[in-house]
Amino acid sequence: MSESIAPRQPAPALGPDSTFQFVCHADLPCFTQCCRDVNIYLTPYDVLRLRRTLKIGSEEFLNRYTRHFLAKTTHVPVVQYALDPETLRCRFVSDRGCTVYPDRPWACRLYPLDLAEGGPERYRIMVNPDRCLGLLEANRMTVGEWLEHQGIAPYAAMEQAYYAVMPAGFKRGQWLDPGIGKLLFLAYDLDRVALLLQDRTVRRLYDLNEAQVAQLAGDDEALLRFAFRYIRSQLEQLLGDPS
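For any residue, its number in my numbering is found by taking its place in the sequence shown, counting from 1, and adding 501.
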């Protein structure tokens, strides 16, 4: 998120039972302004949901709608949503709101919250009320209620599964070999994973029959989980068991 909308002071960490007030609606003067001049980093599941609702392949989505690269120092794969270069607005946002709302990314679902340091269920309010007038609306709820209302659960589950393939002792921000970074990027590009399933050697190694391959080809979530399985097995060969 850009500095222009970051809190002036460090926001206190919130847990699932912490309360805050917020509601977003089209009558607010700031409506859709949070979708402008921001850094939105996508997860593999974000990419799956977005390219599916757009009815395009993963390669086309990554090339048309993202900047993707390996971080210079850590070599962790980074997939950043590419804003309109002239307006710096999200290309999925109209004057009426988000055009991909049912499949909006994890970060957009969390807003106005963001992940905070201190544990897996720690959050913070990432913007000030002068930039987000929804924080002044009289609608109080717990963090847990907000997460449930926003449908965070499948996104969090897929992200947990993604991080479960990491090498032993891996921590966010840790340095990785570039080859491992490229391997991890495979989770974002399910077109390539689908091609792997056409390889007889891959089918034999993962004990996949024709019916199972067909099932994976028709179930994006199952294909993503297979991608995690494939990445994990490759890491086991390179580094030993990453569990």
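We treat Cβ as the ideally placed atom computed from N, Cα and C, and that holds for glycine. Since the model is a prediction, treat every value here as computed from it, not as a measurement.
For residue i, which residues in the same chain have their Cβ closer than 8 Å to its Cβ, ignoring the five residues on either side in sequence?
i	result
Ile732	Val666, Leu684, Leu685, Leu687, Ala688
Ala728	Pro545, Leu687, Ala688, Leu691, Val694
Pro530	Leu634
Phe532	Cys525, His526, Gly598
Met502	In this prediction, Met502 has a pLDDT of 42, which is less than 50 and means its spatial position is unreliable; what the coordinates show is noted afterwards. Closer than 8 Å at Cβ, skipping near neighbours: Val539, Asn540, Asp615, Met627, Val628.
Arg553	Asp604, Asp721
Pro679	Leu571, His576
Ile557	Arg565
Glu561	Arg552
Which residue marks the beginning of the alpha helix (DSSP H) containing residue i, and which one marks its end?
i	result
Val644	644 to 650
Pro545	545 to 554
Val746	Coverage of the chain is limited to positions 502 through 744, which leaves residue 746 absent and any answer about it impossible.
Leu616	Unbroken run through Leu616 is the beta strand (DSSP E), 614 to 616; no alpha helix (DSSP H).
Glu711	711 to 718
Glu737	721 to 740
Gln534	No alpha helix (DSSP H) holds Gln534; DSSP gives it neither H nor E.
Glu688	Residue identity check: residue 688 is Ala in the sequence provided, not Glu. Taken as a continuous stretch (DSSP letters only), Ala688 belongs to no alpha helix (DSSP H), as it is neither H nor E.
Lys527	First, the residue type needs correcting, since residue 527 is Ala and not Lys in the sequence shown. Counting along the chain, Ala527 falls outside any alpha helix (DSSP H), and DSSP gives it neither H nor E.
Going by Cα to Cα distance, which pick from the options is closest to residue i?
i	options	result
Thr567	Arg553, Gly516, Asn540	Asn540
Gly682	Gly516, Asp596, Tyr664, Thr533	Tyr664
Arg537	Ile557, Cys591, Pro545, Gly516	Cys591
Leu724	Gln738, Arg701, Ala662, Gln534	Ala662
Pro655	Gly680, Gly620, Pro603	Pro603
Gln582	Gly598, Asn564, Leu571	The displayed chain sequence assigns Tyr, not Gln, to residue 582. With distances taken between Cα atoms, Tyr582 lies closest to Asn564.
Gly598	Leu696, Ser519, Gln534, Ser734	Gln534
Gly619	Leu736, Pro513, Ser734, Arg641	Pro513
Ile626	Leu736, Gln735, Gln522, Glu737	Gln522
Ala718	Leu549, Leu698, Val644	Leu698
Ser519	Arg730, Met642, Asp596, Glu711	Met642
Asp596	Glu646, Asp528, Gln716	Asp528
Among residues of its own chain, excluding the 5 on either side of residue i, which ones have a beta-carbon nearer than 6 Å to its beta-carbon?
i	result
Glu638	Val524
Leu739	none
Tyr624	Leu515, Leu614, Ala617, Val644
Val580	Leu543, Thr567, His569, Tyr689
So, at 7 Å on beta carbons, what are the nonlocal neighbours of residue i in its own chain, with the 5 sequence-adjacent residues on each side left out?
i	result
Arg509	Confidence in Arg509 is poor, its pLDDT being 48 and thus under 50, which makes the residue's placement too unreliable to answer from.
Asn640	Gln522, Phe523, Val524
Glu504	Note that Glu504 scores 38 on pLDDT, short of 50, meaning its location in the model is unreliable; the coordinates nonetheless yield the value given after this. So the list is empty, once near-sequence residues are dropped.
Val714	Leu698, Arg704
Phe593	Cys599, Thr600, Val601
For my contact list, residue i and residue j are in at a C-beta cut-off of 8 Å; report their separation, rounded to the angstrom.
i	j	result
Val601	Leu551	6 Å
Glu660	Pro517	Not quite, the Cβ-Cβ distance comes to about 17 Å (not below 8 Å), so this is no contact.
Leu549	Asp721	5 Å
Could you pull the start and end residues of the beta strand (DSSP E) that residue i belongs to?
i	result
Ile626	624 to 626
Gln522	520 to 522
Phe570	567 to 571
Would you check whether the ligand SAM has a heavy atom nearer than 7 Å to the C-beta of residue i?
i	result
Asn640	This structure lacks the ligand SAM, and indeed carries no ligand of any kind.
task = Decide if the stretch 567 to 575 is in contact with the stretch 584 to 595; the criterion is three or more beta carbon pairs, one per stretch, under 8 Å apart.
result = no
query = Below 8 Å, can you find three or more Cβ-Cβ pairs linking the stretch 603 to 619 to the stretch 530 to 545?
reply = yes
query = For the stretch 638 to 657 against the stretch 700 to 708, are there 3 or more C-beta pairs whose distance is under 8 Å?
reply = no
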